[in-house]
Amino acid sequence: MAAAVPPGVAPVRARFLTSKEEFHAFLRAGSEPGSQVGDEGEEEKKEEDEEKEEEQEEQVSSCQSEPPAKRVRAEDLGQDEENQEGAGAEEKELPERKRARGQNKSRPCMKPNHYEQSRLCPSVTQGRPGKCFYGPRCRFLHDVGEYLAGKPSDLGQRCVLFDTFGRCPYGVTCRFARAHLGDGHQNIVNAALAQQWEGKLLVRNNLSKDLQHQLRKRKFVFQKAEEYLRGLKPRGGDGKGGKATGEQEVSNCAAPQEGLGDGDGHECPVLQEQGEDPKAEALQSPSSRGDGVAPSVPTVGPLTDEDVTKLRPCEKKKLEIQGKLYLAPLTTCGNLPFRRICKRFGADVTCGEMAVCTNLLQGQSSEWALLKRHHTEDIFGVQLEGAFPDTMTKCAELLNRTIEVDFVDINVGCPIDLVYKKGGGCALMTRSNKFEQIVRGMNSVLDVPLTVKIRTGVQEKINVAHKIIPKIREWGASMVTLHGRSREQRYTRSADWEYIAECAKIASPMPLFGNGDILSYEDANRAMETGVSGIMIARGALIKPWLFTEIKEQRHWDISSGERFDILKDFTNYGLEHWGSDTQGVEKTRKFLLEWLSFLCRYIPVGLLEHLPQRINERPPYYLGRDYLETLMASQNVDDWIRISELLLGPVPPSFTFLPKHKANSYR
Ligand SMILES: Cc1cc2nc3c(=O)[nH]c(=O)nc-3n(C[C@H](O)[C@H](O)[C@H](O)COP(=O)(O)O)c2cc1C
Ligand SMILES: [Zn+2]
Ligand SMILES: [Zn+2]
1 MAAAVPPGVA PVRARFLTSK EEFHAFLRAG SEPGSQVGDE GEEEKKEEDE EKEEEQEEQV
61 SSCQSEPPAK RVRAEDLGQD EENQEGAGAE EKELPERKRA RGQNKSRPCM KPNHYEQSRL
121 CPSVTQGRPG KCFYGPRCRF LHDVGEYLAG KPSDLGQRCV LFDTFGRCPY GVTCRFARAH
181 LGDGHQNIVN AALAQQWEGK LLVRNNLSKD LQHQLRKRKF VFQKAEEYLR GLKPRGGDGK
241 GGKATGEQEV SNCAAPQEGL GDGDGHECPV LQEQGEDPKA EALQSPSSRG DGVAPSVPTV
301 GPLTDEDVTK LRPCEKKKLE IQGKLYLAPL TTCGNLPFRR ICKRFGADVT CGEMAVCTNL
361 LQGQSSEWAL LKRHHTEDIF GVQLEGAFPD TMTKCAELLN RTIEVDFVDI NVGCPIDLVY
421 KKGGGCALMT RSNKFEQIVR GMNSVLDVPL TVKIRTGVQE KINVAHKIIP KIREWGASMV
481 TLHGRSREQR YTRSADWEYI AECAKIASPM PLFGNGDILS YEDANRAMET GVSGIMIARG
541 ALIKPWLFTE IKEQRHWDIS SGERFDILKD FTNYGLEHWG SDTQGVEKTR KFLLEWLSFL
601 CRYIPVGLLE HLPQRINERP PYYLGRDYLE TLMASQNVDD WIRISELLLG PVPPSFTFLP
661 KHKANSYR
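Using UniProt numbering, the first residue of the sequence shown is number 1, and each one after it goes up by one.
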């Protein structure tokens, strides 16, 4: 069939097609006063828009959409903006982060707290005036009246936190505070509603102050890791020419057939707590297992860790994810609010964003924030990045004792320079001694299954995954995920599913998940036919999170722009719940919404396509949607994304700028 569009461009029906100029003119017309969306409609805007768009295209054209090295930085760099603590979190001075290739180099460094001239002291927000933590040196305001006089106006009539939980912990600093402030500025509580939430733990894996202190003071005892690492030393420490002596601990027992996926219900009695429903004290309480100085023999349930060591790894809890839909770990975009959305649409397995081992070991709040788990994430893992057996094994032991996860994944697919040059990520595929020591070490200290995410190899034409997979199985990993591209390839050309099929055979009986380019249920079916145990979905979920529903229901969902807008509304509500409803939280929510919108705009509504399905490597042409919102959502222009954010989160602060972190539009 003759398509009206050139090759490489998605087949949008001719009657919806338009030109770039008309597309922008249409959106501008709709944004004029009195129209559906908004505000300014000046003449210069057009040129400005187009200039910006071109600028944007240029800036992003050099990098593919692999994750930025956002949190990967030199040891001495501090916490980044992703630090997400509750109301009244202490103020931090943040040194500028190192930037890695693959990021938009010209991203303005605009931290949400720059938007607030004068902030209220946490002691006042938390209702403990006079107990200021900072004492006379405190540079925050202590007078609520003075604070309110300078506070920007509310962004909406209703506060989602107050409406949901009966209490808004952000009090007067909430940007929807009118909804819950009394005449004397007191924070009103809906006691009946608040009581319903009492004792419920909605988000787990928080870093307690106590554990953070232990880590910062290096008081945490890595008993098992030390033991394993001592075993490595006689061989010269660098692992050259020798097998890890720690292998004794894990050999045979961790063989793949013991690993997972056969559904026979054989479980380790000691570890049943892993899968339990959340129940605990507070909305966001510190991890129950992470506090207190580590006892010499920590206990898990009725047994000591020594007992557990004896049981492990034969008795390791299984990871039963055969045939399940796995939402990929996604730096920046795969945040907890986004994962909640995907869970609702049918994602089975979720994973935290890649966390850097050394940062976790230092107790950095921003890194620990990546481990947080929403109670709806019933099969949840965290992903770690590192290059050395000591930090990786220690980190595994640390997490094993302090957080609740169903598996731990090692990122051996990360292509970014900063990670690669240190020997982590993809580079581990070429450092098999270190790789072995890492897998064996981590596996020996973990009670939960260890999984590994890899690529086809480093160089474009030299596949090595098939050689490494049997080793990974032998070393004791429970599952491998293979992204069907090499490091060099990044996102160019399609993922190699034939090779994935080959590797799935080689991996057996260890399960192998395939990853790459899935954007429709047909793609998913084809992928499953290659013999993989399951599929992992990354950009497909960012472009249309309802993909999971489509796959499960084997249909194309012609979702309306209104329904899509509701998804965004839910995301912003989850964001305000997660990052906060004060200015900082609102702007953080906006930032992550904008990052996501840079992918969402690639979705082409089903009803507009000449033939189905949309393919991930086809570029959307300029088209007019079936209503204004559908057209607005198709815009690749950052100003239009900002406009969408304003519909949800109110006007952006003065001098607001945003550039997406990665090139979302890597079609080539
Ligand atoms: C925005 C973004 C962030 C990513 N972050 C990670 C990450 O933290 N860890 C990881 O292993 N892979 C990461 N990836 C790679 C994906 O997990 C996945 O392997 C890759 O995108 C191929 O799958 P897809 O074709 O379904 O997108 C990221 C990809 C994108 C687009
Ligand atoms: Zn103070
Ligand atoms: Zn509020």
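The C-beta atom is built at its ideal place from N, Cα and C for all residues, glycine as well.
- Of the candidates GLN459, VAL638, LEU594, GLN459 places its Cα closest to the Cα of GLU488.
- Taking C-beta atoms under 8 Å as the contact rule, VAL464 and MET429 qualify, at a distance of about 6 Å.
- Collapsing the DSSP output to three states places LEU446 in coil.
- Segment contact: the region 193 to 202 against the region 153 to 170, three or more CB-CB distances shorter than 8 Å; contact assigned.
- Uninterrupted alpha helix (DSSP H) stretches at least 4 residues long and entirely within the region 408 to 459 occur at 417 to 421, 432 to 445, given in chain order.
- When rounded, the separation of the alpha-carbon atoms in VAL12 and ARG485 is 28 Å.
- By the CB criterion at 9 Å, ARG204 and ARG373 fall inside the cutoff.
- In this structure the region 592 to 612 lies against the region 560 to 578, because at least three pairs of beta carbons, one per stretch, are closer than 8 Å.
- The DSSP-derived three-state label of ALA25 is helix.
- Between the C-alpha atoms of ALA541 and PHE338 there is a straight-line separation of about 10 Å.
- Approximately 14 Å separates the beta-carbon atoms of PHE548 and GLY334; this is outside 8 Å, ruling out the contact.
- At least one heavy atom of ligand 1 falls within 8 Å of the beta-carbon of THR331.
- Within the same chain, TRP497, GLY514, ILE518, ILE535 come within 7 Å of ALA527 by CB-CB distance, once the 5 residues on both sides are set aside.
- LEU181 sits in a strand when the DSSP states are folded into three classes.
- DSSP places ILE468 within a helical segment (H, G or I) once states are collapsed to three.
- Taking a C-beta distance under 9 Å as the contact criterion, ASN443 and GLY476 qualify as a contact pair.
- Spanning the alpha carbons of LYS316 and GLY413 requires a straight line of approximately 25 Å.
- If you compare the alpha carbons of GLN437, VAL349, ALA501 with that of MET392, the shortest gap goes to GLN437.
- ASN400 sits close to LEU446, with the two beta carbons spaced by under 9 Å.
- Nearest Cα to ARG590 within the set GLY130, ALA495, SER123, LEU155: LEU155.
- ARG175 places its beta carbon less than 9 Å from that of THR583.
- Here LEU336 has LYS372, HIS374, HIS578 as same chain residues with Cβ atoms under 6 Å from its own Cβ, once five neighbours each way along the sequence are excluded.
- Your pair MET354 and PRO329 checks out as a contact, with CB atoms roughly 6 Å apart and the cut at 8 Å.
- Set against 8 Å, the gap from the CB of CYS174 to the closest heavy atom of ligand 3 is smaller.
- Take GLY130, set aside five residues on each side of it, and the residues of its chain with a beta-carbon closer than 8 Å to its own are SER123, in chain order.
- In the DSSP assignment, ASP582 forms a beta bridge with CYS174.
- Nearest Cα to VAL532 within the set VAL652, TRP557, LYS505: LYS505.
- In this model, LEU141 and ARG178 are separated by some 20 Å (Cα to Cα).
- With fewer than 16 other Cβ atoms from the protein chains shown falling within 10 Å of its own Cβ, ARG15 counts as exposed.
- LEU609 sits in a strand when the DSSP states are folded into three classes.
- Only buried fits LYS224, as 16 or more other CB atoms lie within 10 angstroms of its CB.
- Per DSSP, the beta bridge partners of GLU385 are VAL356.
- Counting only the Cα atoms, ILE537 lies some 9 Å from ALA524.
- Burial is judged here by how many other beta carbons sit within 10 angstroms of a residue's own beta carbon; HIS483 has at least 16 and is buried.
- Taking C-beta separations shorter than 6 Å and ignoring five residues to either side along the sequence, the partners of GLU550 in its chain run TYR521, TRP557, following chain order.
- MET528: member of the alpha helix (DSSP H) spanning 521 to 529, first to last residue.
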